[in-house]
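Enquirer:
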């Protein structure tokens with residue numbers, strides 16, 4: 036592991052002072068903000084859900100395909116992770132870029148630690164995790180992801196955990212690592228090797244207890260109980276395919292898009308036209324819900340009664356709404372062209388959908404299933420509510 | 036029901052303009068704020084958990100014994116409910132009182148509707164619920180709580196529900212009402228009469244599905260499944276006392292202080308030295324956890340692994356930490372004198388405790404169980420994190 040300072044040469048930090056003559060921003064709270072990624076333009080839109088308006092655009096964030104973000108604990112800043120290895124700190128109150136580094140050649144998301152002081156990035160190239168100071172974006176630590184095979188692996192499924200650390204998976208090596216940063220000078224890693232072939236994404240349950248990684252190389256999911264890491268990694272949902280030939284995969288489903296409702300997890304099934312309901316006590320399959328295409332995001336409405344499912348091409352103009360009591364499709368909508376992502380407001384009065392090929396964000400009432408507003412956006416993709424600042428496993 | 040305008044005479048609205056010459060406030064997010072009630076002084080402190088400092092005090096809120104509050108959806112405003120019937124709207128960004136009314140003679144808390152437009156107050160005198168416009172505090176609607184017995188009842192346990200309405204209990208009449216305000220001109224009430232003797236408090240599960248009211252007049256709890264109100268109210272945990280003579284009750288436990296973790300609810304037992312674990316699937320008692328005194332608040336750590344329990348006099352200088360996997364006491368602390376309330380930061384890195392008789396708030400690391408800071412406060416009682424803005428059943 037390399038320590039503070041050694042990484043500085045590879046991460047050129049650019050900071051952006053407040054423009055001269057800028058007046059003070061209109062005082063407002065930051066609890067009702069949503070940030071929309073404009074992938075082609077390399078910008079984000081800051082929007083608010085009270086009056087459903089766009090407040091402003093922040094540009095210069097680089098390549099934002101597959102971009103995701105996390106929020107500072109005060110919900111003032113977004114940390115935007117670009118596919119190009121860019122890490123941008125964006126001020127949602129003053130609506131400007133605050134700092135930006137290109138910290139790797141190819142990255143796939145990140146996390147912010149429980150106390151808000153550390154931002155972590157999962158890198159493909161060079162494979163590993165890098166930690167940065169959330170205030171300054173100064174580098175703190177680098178963890179090369181060298182698996183039991185001695186080779187450097189891509190890192191996926193990086194999340195913060197309830198104990199203040201991070202968890203992630205090594206795609207090539209087939210491992211899961213837990214990173215304890217209680218003492219940054221003595222970081223501790225717990226390794227689970229040989230967990231399965233090609234974990235392609237991972238996530239943690241909302242309470243921070245169970246880390247799950249989906250396997251691309253075989254049928255199944257790996258589970259680690261973070262309360263009892265000594266019990267080791269465990270395979271669940273083995274043989275889910277049961278010899279059936281999977282369909283060609285048009286789009287990898289996102290485990291960050293899974294949902295929890297009551298005693299069940301709802302997962303998009305890789306290469307199948309199904310959403311999988313998993314019992315959280317037994318970790319067994321409780322139901323398979325047939326859907327119209329390959330699911331990408333399964334997003335549970337905040338009250339847990341329904342989930343909204345987005346689909347891969349060629350069905351990405353459709354949304355299906357699942358009734359989670361009956362494990363059945365309740366409605367099929369065609370809200371727009373190329374729905375790339377969707378986000379509920381935290382208490383569920385609205386759902387925001389990105390319609391990339393319509394260049395707009397659609398705001399809907401999730402119960403009446405009616406459009407409340409259209410907001411102009413250039414090729415929008417991910418939408419992120421600042422309420423995520425308060426969740427474990429951001 | 037009386038409509039908009041008719042109530043105006045009884046609620047004298049005072050609004051407070053921004054003081055002349057006040058500079059613009061330092062830009063900041065509002066996600067890391069906590070508001071501390073100073074009950075004797077009639078003021079609240081606005082504090083933040085990033086650096087753990089007090090940002091300012093807002094005065095003139097009247098009698099704040101038993102005061103509680105909810106937050107606007109943007110987390111800029113707190114709506115403070117006083118025991119004296121006062122409803123104050125406090126600006127946490129500019130840190131000043133924005134508007135204040137005295138809307139009843141005696142009140143017991145309130146709620147804010149899902150979309151943030153309606154603030155509801157539960158009143159003892161005159162018994163009923165009043166709704167106010169969250170922007171202006173103008174009166175919108177009054178619902179007198181006249182039970183099947185034809186008499187006006189005190190209202191308790193008022194919460195917002197996931198469908199945008201409200202639920203509450205009629206203490207004297209022994210009823211539970213659901214209020215649908217989809218159309219304010221045609222509010223609809225669903226009544227459950229004869230649910231049990233003297234419901235003294237009520238709350239809704241975090242997903243907004245189950246409304247539970249504790250009974251003071253008999254052993255048991257009443258449950259309404261808000262997804263299936265047609266199924267009626269249901270009694271659970273009957274005979275919990277099993278003929279044992281309850282202890283004298285020194286302090287009514289708060290159902291708003293219950294906790295949910297995994298498949299269990301944890302409730303303070305009325306008049307007993309026990310915390311009750313209830314299975315959320317069967318609604319049966321799963322365990323009784325003996326504790327050192329009469330529990331008042333049972334507050335689950337955000338990751339669900341522990342709960343912190345506060346106690347009634349004479350044990351209110353102590354806190355017990357429950358291990359929720361083992362259903363057992365893990366530690367006993369003596370953090371200060373007269374611990375009236377406690378609140379976790381949303382991701383669980385800190386817990387804030389009010390030590391009334393020490394005139395301070397104690398900030399602790401919940402895992403190391405170490406004190407991080409002492410903040411001066413005058414007779415502090417309730418502590419409320421702005422992250423509550425994003426929760427159903429606020």
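Chains as they are written, first to last, in the working numbering: chain W, 36 to 429; chain D, 36 to 429. Quick reminder that beta carbons are idealized off the backbone N, C-alpha and C, glycines included. Because the structure is a prediction, the values reported are computed rather than measured.
1. Compare the C-beta of residue 393/D with all C-beta atoms of chain W and state if any pair is closer than 8 Å.
2. Is the beta carbon of residue 63/W less than 8 Å from the beta carbon of residue 168/D?
3. If the cut is a Cβ gap below 8 Å, which residues of chain W does residue 262/D touch?
4. Hey, does residue 244/D have any beta-carbon neighbour from chain W nearer than 8 Å?
5. Measuring only between beta-carbons, confirm whether residue 349/W sits less than 8 Å from chain D.
6. Any idea what DSSP makes of residue 309/W, helix, strand or coil?
7. For residue 238/D, write down the residues that DSSP places opposite it in a beta bridge.
8. What are the start and end residues of each continuous beta strand (DSSP E) run of 3 or more residues lying completely inside the region 181 to 209 of chain W, in chain order?
9. Using only alpha-carbon positions, find the residue among 102/D, 85/D, 106/D and 76/D that is nearest to residue 92/D.
10. Classify residue 266/D as helix, strand or coil using the three-state DSSP reduction.
11. Taking only three categories from DSSP, how would you classify residue 409/W?
12. Tell me whether the region 327 to 346 of chain D and the region 350 to 362 of chain W touch, counting them as touching only if at least three CB pairs, one residue from each stretch, are closer than 8 Å.
13. Please give me, in chain order, every unbroken run of the beta strand (DSSP E) with length at least 3 that falls completely inside the region 85 to 126 of chain D.
14. Which residues of chain D have a Cβ atom closer than 8 Å to the Cβ of residue 66/W, listed in chain order?
15. Using only the alpha-carbon positions, how far apart do residue 269/W and residue 423/D sit?
16. Closer than 8 Å by beta-carbon distance: list the chain D residues that pair up with residue 128/W, in chain order.
17. Measuring alpha carbon to alpha carbon, tell me which residue in 99/W, 403/W and 388/W is nearest residue 418/W.
18. Let me check understanding here. Comparing Cα to Cα, which of 378/W, 234/W, 163/W and 202/W lies closest to residue 342/W?
19. Relative to the C-alpha of residue 71/D, which residue among 426/D, 412/D and 134/D is closest?
20. Report the residues of the region 82 to 96 of chain W with a CB closer than 9 Å to any CB of chain D, ordered along the chain.
21. Roughly how far, in whole angstroms, is the beta-carbon of residue 272/D from the beta-carbon of residue 320/D, given that I think they are within contact range, below 8 Å?
22. Beta-carbon of residue 150/D versus every beta-carbon of chain W: anything under 8 Å?
23. In chain order, what residues of the same chain lie with their CB nearer than 8 Å to the CB of residue 132/W, ignoring the 5 residues before and after it?
24. For the region 364 to 396 of chain D, which residues have a CB atom closer than 9 Å to at least one CB atom of chain W, in sequence order?
25. With a Cβ-Cβ cutoff of 8 Å, do residue 142/D and residue 157/D count as a contact?
26. From the beta carbon of residue 75/W, is the nearest beta carbon of chain D less than 8 Å away?
27. With DSSP run on the structure shown, which of helix, strand or coil describes residue 348/D?
28. Kindly indicate which three-state DSSP category residue 295/D falls into: helix, strand or coil?
29. Compute the distance between the beta-carbons of residue 74/D and residue 90/D, then report whether it is under 8 Å.
30. 8 Å is my cut-off, CB to CB: does residue 278/W come that close to chain D?
31. Look at the Cβ atom of residue 224/D, then the Cβ atom of residue 246/D, and state whether they are nearer than 8 Å.
32. Shortest alpha-carbon distance to residue 217/D belongs to which of 83/W, 384/W and 248/W?
33. Quick one: list the residues of chain W neighbouring residue 321/D, beta-carbon separation under 9 Å, in chain order.
34. Is there a Cβ from chain D that is less than 8 Å from the Cβ of residue 337/W?
35. Does DSSP classify residue 65/D as helix, strand or coil?
36. CB-CB under 7 Å to residue 200/D, same chain, minus the five flanking residues each way: which ones, in chain order?
Expert: The short version:
1. no
2. no
3. 340 and 360
4. yes
5. no
6. strand
7. Note: residue 238/D is bridge-paired with 247/D in the DSSP secondary-structure output.
8. 190 to 195 and 201 to 205
9. 76/D
10. helix
11. strand
12. no
13. Restricting attention to beta strand (DSSP E) runs no shorter than 3 residues, the region 85 to 126 of chain D encloses them at 88 to 93, 103 to 106, 112 to 116 and 121 to 126, ordered along the chain.
14. 65, 66, 106, 107, 108, 109, 110, 111, 421, 424 and 425
15. 35 Å
16. 62, 63 and 64
17. 388/W
18. 378/W
19. 412/D
20. 83, 84 and 85
21. With 8 Å as the limit, residue 272/D and residue 320/D qualify as a contact, their Cβ atoms being about 6 Å apart.
22. yes
23. 51, 93, 94, 95, 96, 123, 124, 125 and 126
24. 380, 381, 382, 383, 384 and 385
25. yes
26. no
27. Residue 348/D carries a coil assignment under DSSP once its states are collapsed to helix, strand and coil.
28. strand
29. no
30. For residue 278/W, the predicted structure reports a pLDDT of 47, less than 50, and the residue's modelled location is therefore unreliable. A value from the coordinates is still provided. Judged by the 8 Å Cβ criterion, residue 278/W is not in contact with chain D.
31. no
32. Nearest Cα to residue 217/D within the set 83/W, 384/W and 248/W: 384/W.
33. Within chain W, no residue comes near residue 321/D; the closest Cβ sits about 13 Å away, beyond 9 Å.
34. Closer than 8 Å: yes.
35. Secondary structure of residue 65/D (DSSP, three-state): coil.
36. 213, 214, 215 and 216
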